[in-house]
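Colleague:
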Amino acid sequence: MTRLQDQPHQPSLKAMRGSFLDFVGDPFYVSEAESVRYFPDGLLVLEDGKIKAFGAYDELKADYGEIPTTVCAERLIMPGFIDTHIHYPQTGIIAAYGEQLLEWLDQYVFPTEGKFHDLDYAREVAETFLDQLLSNGTTTALVFATVFPQSVDAFFEAAEARNLCMIAGKVMMDRNAPASVCDSAESAYQESKALIQKWHKKGRLRYAVTPRFAITSTDEQLQKAGELLKEFPDVYMHTHLSENVKEVAWVKELFPACEGYLDAYDQAGLVKERSVFAHGIHLTDGEFQRLSEAKSAIAFCPTSNLFLGSGLFKLEQAKSTEYPVKVGLGTDVGAGTSFSLLQTANEAYKVAQLRQQKLSPFQALFLATLGGAKALCLEDRLGNFEVGKDADFIVLDLRSTPLMAFRNSPDAAKSVSELTDRAFSLIIMGDDRAIESVYILGELAYKCADTKAE
Ligand code: GUN
Ligand code: ZN
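Okay, so the sequence shown: first residue is 1428 according to my numbering, each after it adds one.
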């Protein structure tokens, strides 16, 4: 008799059967027929946390009809959502009343982030934060920690324990903030370097060099951030850019030799591929052009931009054909008002409306999935159901509230055009209640506790 441990590794095949939606192209640039992939009755075959096969059930059943299969009737399965800008330490100050960016930072953010020198506190918040991400269908995020290296450790430890693909970094800030949450150019460099060596590419984790924004970093510190990017060319850079009118004016005073806000980062070598800039509300045409040339990305954070009164992002300019800039959606919690990328897409639609533009439901869902993966240079492993990618996906209920159940029929949409209307109702009416379950590397990681009547 052979003992179990003597046997060669047996890859375990399993499958999900149901309706599937993902994207194989960018619906801002190509037609729906070329970008939207929809199988009303599809099969997703999983092996060791990766996608082994994907397609119409009828086409795959001869090969995979007999493997253990979870059938998701009356549901829509999509790739996990990707949040391209969020602050885990701000989980507890979501919905802080009355201020715009600079006053909001002073009044609410800096005092809260000061608490994260306490590792146990940071650990507790990191768990709550990841619970919130998963219950909202977000499986990957680009995350600000705080100035304290232990707040990065707490976050990465928690993400690693859940097998999540997460990008995060220690905030660098050496001026214009209370001393209790400031580092120095040199300590920021040394501490970030140690964190890169400890966490970058550990399993599914990635590191982002994270100067908070040009106001809270001296030029010397930005130069140190640039040095880190040279030393570690495949780490990310994550910061804020041109969010608020007063902020932009202050940056001009602080960096008189620079052409504009983006140039303050550019002169330090921070404008590159794998650089992600949150907001970009008040960018000039030249700055959009520079971001396009550099292959940098913008995180569009509509709930935050409306909440702080920052302004309306020019999505159509970022998605121009002449100077295309990669764009993902960011919740930007705690300035953002929801962890849900569905609710974020809802507000993105309204921002477009206020600018006399249209954001189609598929464009919005693209931004929340493959668009986010591209913005984070993760499209080789995440963002859609291509064979070989990581099996991070979500099961959605398009009838998750009584009103949605009244509006949407239980049968699977028969075609992409029939799905368009329901997908739109999902982004306008949907929230965490629409997320029935979440799978990470093919394993169930979250199931909605709600016991809805079937
Ligand atoms: N700019 C600098 N820091 C922050 C922050 O924490 N949130 C937002 N929304 N903008 C910022
Ligand atoms: Zn932010």
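Quick reminder that beta carbons are idealized off the backbone N, C-alpha and C, glycines included.
These figures come from a predicted structure and were not determined experimentally.
Rounded to whole angstroms, how far is the Cβ of Val1579 from the Cβ of Asn1811, which I believe are closer than 8 Å?
Modeller: Indexing the sequence shown from 1 puts residue 1579 at position 152. Indexing the sequence shown from 1 puts residue 1811 at position 384. With a Cβ gap of about 30 Å, Val1579 and Asn1811 do not count as contacting.
Colleague: Once DSSP output is grouped into helix, strand and coil, what is the label at Met1600?
Modeller: The residue you call residue 1600 lines up with position 173 of the sequence shown. Note: Met1600 maps to coil in three-state DSSP.
Colleague: With DSSP collapsed to three states, give me the class of Lys1673.
Modeller: Within the sequence shown, residue 1673 is the residue found at index 246, counting from 1. Three-state DSSP puts Lys1673 in a helix.
Colleague: Among Arg1602, Arg1860, Ser1446, Leu1656, which one has its Cα closest to the Cα of Ala1832?
Modeller: Taking the sequence shown and counting its residues from 1, the one referred to as residue 1832 is at position 405. Here the closest residue by C-alpha is Arg1860.
Colleague: Given that a residue counts as buried once 16 or more other Cβ atoms are within 10 Å of its Cβ, and exposed if not, what is Tyr1873?
Modeller: To locate residue 1873, count along the sequence shown from 1; it is residue 446. When all chains shown are included, Tyr1873 counts as buried.
Colleague: Among Lys1628, Pro1576, Leu1632, Phe1571, which has the Cα closest to the Cα of Phe1640?
Modeller: In the sequence shown, the residue the question calls residue 1640 occupies position 213. Residue Phe1571 is the option with its Cα nearest to Phe1640.
Colleague: Does Pro1729 pass the burial test, meaning 16 or more other C-beta atoms within 10 Å, or should it be called exposed?
Modeller: Residue 1729 sits at position 302 when you count from the first residue of the sequence shown. Buried, by the Cβ-count rule.
Colleague: With 16 as the cutoff for other CB atoms within 10 Å, does Ser1607 come out buried or exposed?
Modeller: Stepping through the sequence shown from its first residue, residue 1607 is reached at position 180. With a 10 Å radius around the Cβ and a threshold of 16 neighbouring Cβ atoms, Ser1607 comes out exposed.
Colleague: Would you kindly work out how many angstroms separate the C-alpha atoms of Gln1744 and Asp1547, rounded to a whole number?
Modeller: Position 317 of the sequence shown, counting from 1, holds the residue named residue 1744. Position 120 of the sequence shown, counting from 1, holds the residue named residue 1547. Annotation: Gln1744 to Asp1547 spans about 44 Å, alpha carbon to alpha carbon.
Colleague: Among the candidates Phe1466, Arg1633, Asp1449, Gln1534, whose CA atom is the shortest distance from the CA of Ser1842?
Modeller: In the sequence shown, the residue the question calls residue 1842 occupies position 415. Comparing Cα positions, the closest option is Phe1466.
Colleague: Go through its chain and collect everything with a Cβ distance to Ser1765's Cβ below 6 Å, but skip five positions before and after it.
Modeller: In the sequence shown, counting from the first residue as 1, residue 1765 sits at position 338. Cβ neighbours of Ser1765 beyond the five flanking positions: Thr1730.
Colleague: Hey, quick one: how far does the beta strand (DSSP E) through Glu1501 stretch, first residue to last?
Modeller: For the purposes of this step, residue 1501 is taken as the residue at position 74 of the sequence shown. Element bounds for Glu1501: 1496-1506.
Colleague: Under 8 Å between the Cβ atoms of Leu1803 and Thr1511?
Modeller: Position 376 of the sequence shown holds residue 1803. Position 84 of the sequence shown holds residue 1511. In contact: Leu1803 and Thr1511 (Cβ atoms closer than 8 Å).
Colleague: Going by CA-CA distance only, name the one from Ala1684, Gly1757, Lys1801 that's closest to Ser1723.
Modeller: By 1-based counting over the sequence shown, the position of residue 1723 is 296. The candidate whose alpha carbon is nearest that of Ser1723 is Lys1801.
Colleague: Within this structure, are the beta carbons of Tyr1663 and Arg1633 separated by less than 8 Å?
Modeller: Residue mapping note: residue 1663 aligns to position 236 of the sequence shown, counting from 1. Residue mapping note: residue 1633 aligns to position 206 of the sequence shown, counting from 1. Yes, Cβ-Cβ distance for Tyr1663 and Arg1633 is below 8 Å.
Colleague: Kindly indicate the opening and closing residues of the beta strand (DSSP E) around Val1822.
Modeller: On the sequence shown, position 395 is the one that residue 1822 refers to. That run of the beta strand (DSSP E) goes 1820-1823.
Colleague: Would you tell me roughly how many angstroms separate the C-alpha atoms of Glu1654 and Gly1738, rounded to the nearest one?
Modeller: As a working mapping, residue 1654 is identified with position 227 in the sequence shown. As a working mapping, residue 1738 is identified with position 311 in the sequence shown. So the alpha carbons of these two residues sit roughly 33 Å apart.
Colleague: Count the CB pairs spanning the segment 1580-1591 and the segment 1557-1567 that are closer than 8 Å, and state whether there are at least three.
Modeller: yes
Colleague: Arg1602: beta carbon under 7 Å from a heavy atom of the ligand GUN?
Modeller: Walking along the sequence shown from the start, residue 1602 turns up at place 175. Not under cutoff, so the answer is no.
Colleague: Exposed or buried, which one is Glu1881 when buried takes at least 16 other CB atoms within 10 Å?
Modeller: For the purposes of this step, residue 1881 is identified with residue 454 of the sequence shown, where counting begins at 1. In this predicted model, Glu1881 has a pLDDT of only 46, less than 50, meaning its place in the structure is not dependable enough to derive any value.
Colleague: In whole angstroms, give me the CA-to-CA distance for Arg1808 and Gln1617.
Modeller: The residue you call residue 1808 lines up with position 381 of the sequence shown. The residue you call residue 1617 lines up with position 190 of the sequence shown. Those two C-alpha atoms are separated by around 31 Å.
Colleague: In or out: Leu1431 buried (at least 16 other Cβ within 10 Å) or exposed?
Modeller: Counting from 1 along the sequence shown, the entry for residue 1431 is found at position 4. Reliability of the predicted coordinates at Leu1431 is poor, the pLDDT of 47 falling under 50, and no value is obtained from them.
Colleague: In three-state DSSP terms, what is Gly1519?
Modeller: Within the sequence shown, numbered from 1, the residue matching residue 1519 stands at position 92. Of the three classes helix, strand and coil, the one that applies to Gly1519 here is helix, per DSSP.
Colleague: What is the C-beta distance between Ala1480 and Val1814, in whole angstroms, given that I count them as a contact (C-beta under 8 Å)?
Modeller: Here residue 1480 corresponds to residue number 53 of the sequence shown, with the count starting at 1. Here residue 1814 corresponds to residue number 387 of the sequence shown, with the count starting at 1. About 6 Å; that satisfies the 8 Å criterion.
Colleague: Secondary structure at Ser1446, three-state DSSP: helix, strand or coil?
Modeller: Residue numbering aside, residue 1446 sits at position 19 when the sequence shown is read from its first letter. Annotated three-state conformation of Ser1446 is strand, per DSSP.
Colleague: When DSSP builds the beta bridges, which residues end up paired with Arg1633?
Modeller: Indexing the sequence shown from 1 puts residue 1633 at position 206. The partner list for Arg1633 (beta bridge, DSSP) reads Ile1594.
Colleague: Which term fits Asp1848, buried or exposed, when burial requires 16 or more other beta carbons within 10 angstroms of its beta carbon?
Modeller: Here residue 1848 corresponds to residue number 421 of the sequence shown, with the count starting at 1. For Asp1848, the number of other beta carbons within 10 angstroms of its own is below 16, and it is reported as exposed.
Colleague: Can Ala1705 be considered in contact with the ligand ZN, in the sense that its beta carbon sits closer than 7 Å to one or more heavy atoms?
Modeller: Within the sequence shown, residue 1705 is the residue found at index 278, counting from 1. Yes, the beta carbon of Ala1705 sits closer than 7 Å to at least one heavy atom of the ligand ZN.
Colleague: Between the alpha carbons of Glu1863 and Asp1824, how many angstroms are there, rounded?
Modeller: As a working note, residue 1863 is residue 436 in the sequence shown. As a working note, residue 1824 is residue 397 in the sequence shown. Looking at the backbone, the Cα of Glu1863 and that of Asp1824 are separated by about 6 Å.
Colleague: So, using beta-carbon positions, are Gln1780 and Pro1454 closer together than 8 Å?
Modeller: The count along the sequence shown starts at 1 and reaches residue 1780 at position 353. The count along the sequence shown starts at 1 and reaches residue 1454 at position 27. Against a cut-off of 8 Å, the Cβ pair of Pro1454 and Gln1780 comes out as no contact.
Colleague: CA-CA distance, Arg1782 and Glu1774?
Modeller: Numbered from its first residue, the sequence shown carries residue 1782 at position 355. Numbered from its first residue, the sequence shown carries residue 1774 at position 347. Their backbone Cα atoms lie some 12 Å apart in a straight line.
Colleague: For Met1428, I'd like the list of residues in its chain whose CB is within less than 7 Å of its CB, leaving aside the five on either flank, ordered along the chain.
Modeller: For the purposes of this step, residue 1428 is taken as the residue at position 1 of the sequence shown. In this predicted model, Met1428 has a pLDDT of only 42, less than 50, meaning its place in the structure is not dependable; the value taken from the coordinates is given anyway. Excluding residues within five positions, none has a Cβ falling inside 7 Å.
Colleague: Determine, using beta carbons only, whether Leu1769 and Leu1756 come nearer to each other than 8 Å.
Modeller: Taking the sequence shown and counting its residues from 1, the one referred to as residue 1769 is at position 342. Taking the sequence shown and counting its residues from 1, the one referred to as residue 1756 is at position 329. Contact flag unset, no.
Colleague: Taking Cβ to Cβ, would you say Pro1495 is nearer than 8 Å to Lys1441?
Modeller: As a first step, residue 1495 is located in the sequence shown; it is residue number 68 there, counting from the start. As a first step, residue 1441 is located in the sequence shown; it is residue number 14 there, counting from the start. Yes, the Cβ-Cβ distance between Pro1495 and Lys1441 is below 8 Å.
Colleague: In terms of DSSP beta bridges, what is Ile1708 paired with?
Modeller: The residue given as residue 1708 occupies position 281 in the sequence shown. Looking at the DSSP output, Ile1708 shares a beta bridge with no other residue.
Colleague: Using the Cα positions of Leu1830 and Tyr1692, report the straight-line distance between them to the nearest angstrom.
Modeller: What you label residue 1830 is simply residue 403 of the sequence shown in a count that begins at 1. What you label residue 1692 is simply residue 265 of the sequence shown in a count that begins at 1. Leu1830 and Tyr1692: Cα-Cα distance of roughly 47 Å.
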